[in-house]
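Heads up, the sequence shown is in UniProt numbering, so the first residue is 1 and it goes up one at a time. All residues carry an ideal CB built from backbone N, CA and C; glycine is no exception.
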Amino acid sequence: MLETEISEKYPLHYFAWLNDYLALEELLLQKKHDIEALDPHGRTPLLLAIILDHLESARVLLRHGANACVKGRDCWSATQEATSTGDPELLKLVLTHRDSHMLKNQAKLITSLLNNLKETPDFYMEIKWEFTSWRKFYVI
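1. Over what stretch of residues does the alpha helix (DSSP H) that includes F15 continue unbroken?
2. Count Cβ pairs between the stretch 35-55 and the stretch 8-18 that sit closer than 8 Å; are there 3 or more?
3. Grouping DSSP H, G and I as helix and E and B as strand, with all else coil, what is S57?
4. Leaving aside the five residues before and after N116 along the sequence, list all residues of the same chain whose C-beta is less than 6 Å from its C-beta, in chain order.
5. If contact is defined by three or more beta carbon pairs under 8 Å, each pair taking one atom from either stretch, is the stretch 103-122 in contact with the stretch 80-90?
6. As a quick exercise: from E8, L61, M125, A37, pick the residue whose alpha carbon is nearest that of E26.
7. State the CB to CB distance for the pair L90 and A58, rounded to an integer number of angstroms; the pair is presumed to be in contact (CB under 8 Å).
8. With distances taken Cα to Cα, identify the nearest neighbour of K71 among E36, L103, N105.
9. By how many angstroms is the C-alpha of C75 removed from the C-alpha of V94?
10. In whole angstroms, give me the CA-to-CA distance for T132 and R98.
11. If I measure Cβ to Cβ from D20 and keep anything under 8 Å in the same chain, skipping five residues before and after, which residues do I get?
Dropping the structure here:
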């Protein structure tokens with residue numbers, strides 16, 4: 001693929017590759033492009049920025065809501081990719097956003113679970129517990 005083709009088909013990836021975080025910010029403010037779009041290698045713009053150790057591009061993408069829990073085609077998560085760069089600041093940034101994302105999803109999941117429990121009709125259940133062992137128990 002030529003550079004012009006890449007910049008047209010994958011503009012967020014293109015600016016992440018160049019680490020042109022100002023152009024990336026401008027493009028994201030237009031809200032015309034999917035921030036979770038995959039390139040031919042199965043990477044989101046965030047994963048690409050992390051792999052290339054482009055801290056500022058990663059910061060811009062995360063600030064605009066890129067999923068910090070994402071995994072690439074090779075099944076490496078954003079956290080694992082950040083760890084492999086050896087950049088503690090990048091890893092801290094990714095971990096912070098990943099934890100925040102997970103907490104938000106956990107809150108939604110708990111709310112959904114509680115609503116489902118409220119809608120579930122009452123029921124009756126009997127449970128039988130039976131403990132066995134190949135070793136004798138001695139009571140003193």
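Let me spell this out:
1. As a position in the sequence shown, residue 15 is number 15, starting the count at 1. Segment 11-18, the alpha helix (DSSP H) holding F15.
2. Segments in contact, yes.
3. Numbered from 1 along the sequence shown, position 57 holds the residue referred to as residue 57. The answer is helix: DSSP assigns S57 an H, G or I state.
4. Here residue 116 corresponds to residue number 116 of the sequence shown, with the count starting at 1. For N116, same chain residues with a beta-carbon under 6 Å away, outside a window of 5 residues either side, do not exist.
5. Inter-segment contact for the stretch 80-90 and the stretch 103-122 is absent: fewer than three beta-carbon pairs are separated by less than 8 Å.
6. As a working note, residue 26 is residue 26 in the sequence shown. Ranking the options by Cα distance to E26, first place goes to L61.
7. Residue mapping note: residue 90 aligns to position 90 of the sequence shown, counting from 1. Residue mapping note: residue 58 aligns to position 58 of the sequence shown, counting from 1. About 6 Å separates the two Cβ atoms, so the contact holds.
8. Here residue 71 corresponds to residue number 71 of the sequence shown, with the count starting at 1. Ranking E36, L103, N105 by Cα distance to K71 puts E36 first.
9. Counted from its first residue, the sequence shown places residue 94 at position 94. Counted from its first residue, the sequence shown places residue 75 at position 75. Whole-angstrom Cα-Cα distance: 17 Å.
10. The count along the sequence shown starts at 1 and reaches residue 132 at position 132. The count along the sequence shown starts at 1 and reaches residue 98 at position 98. In a straight line, the C-alpha of T132 is about 44 Å away from that of R98.
11. One-based indexing of the sequence shown puts residue 20 at position 20. Taking D20 as the centre and dropping the five residues before and after it, the same chain places the C-beta of S57 closer than 8 Å to its C-beta, in chain order.
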